[in-house]
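Numbering (mature numbering (1 follows the signal peptide of the UniProt record, and there is no 0)), first residue to last: -24 to -1, 1 to 88. Even glycine gets a Cβ: it sits at the ideal position worked out from N, Cα and C. Note that the structure is a prediction, hence the values are computed from the model and not measured. I have placed the structure first, in the form of structure tokens, so that the comments after it can refer back to it.
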Amino acid sequence: MHLRQILATSVAALALISTTAVYAAPTSISSPVHAVFTNGKMVKISFRNDSGSQLELKVGDNIMKVQSGATLSLKLPAGTKVLANTATPKLTAGSVIAEVASYLDGATLSIH
């Protein structure tokens, strides 16, 4: 009789533990960093150089040149920062020109 109670108790305990272990959440979920920070929304934005000299823009990690009087059209993910890589009379090098957001979709920004 003792053996039957011990066996029944251990089977019941094993059943309780195994069901929670089967439905438990994984301890770590690896996801790529870019999947966390981008929301998939691409924004079409244009930058017009009205400064009178060639301008370099740092878009994310890329450097792009815009000739005087020219317009640069880009499709960028929301949250991307656009920095001035060269100084102009009104901007210092490294200053933030814009942070791309969905409300800027289709906008043209004039840089003096």
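Residue pairing by DSSP puts residue 42 in a beta bridge opposite 31.
Sequence-distant partners of residue 57 (beyond 5 residues in either direction) whose C-beta falls short of 7 Å from its own C-beta, in its chain, are 72, 75.
A direct Cα-Cα distance of roughly 17 Å separates residue 22 from residue 28. Residue 49 is bridged by DSSP to 22.
A straight line joining the alpha-carbon of residue -12 with that of residue -20 spans about 12 Å. Here residue -17 is exposed. Its C-beta has fewer than 16 other C-beta atoms within 10 Å.
According to the DSSP assignment, residue 84 belongs to the beta strand (DSSP E) that extends over 83 to 87. Counting along the chain, the unbroken beta strand (DSSP E) around residue 72 starts and ends at 72 to 75.
Cβ neighbours of residue 82 within its own chain (closer than 7 Å, five residues either side excluded): 20.
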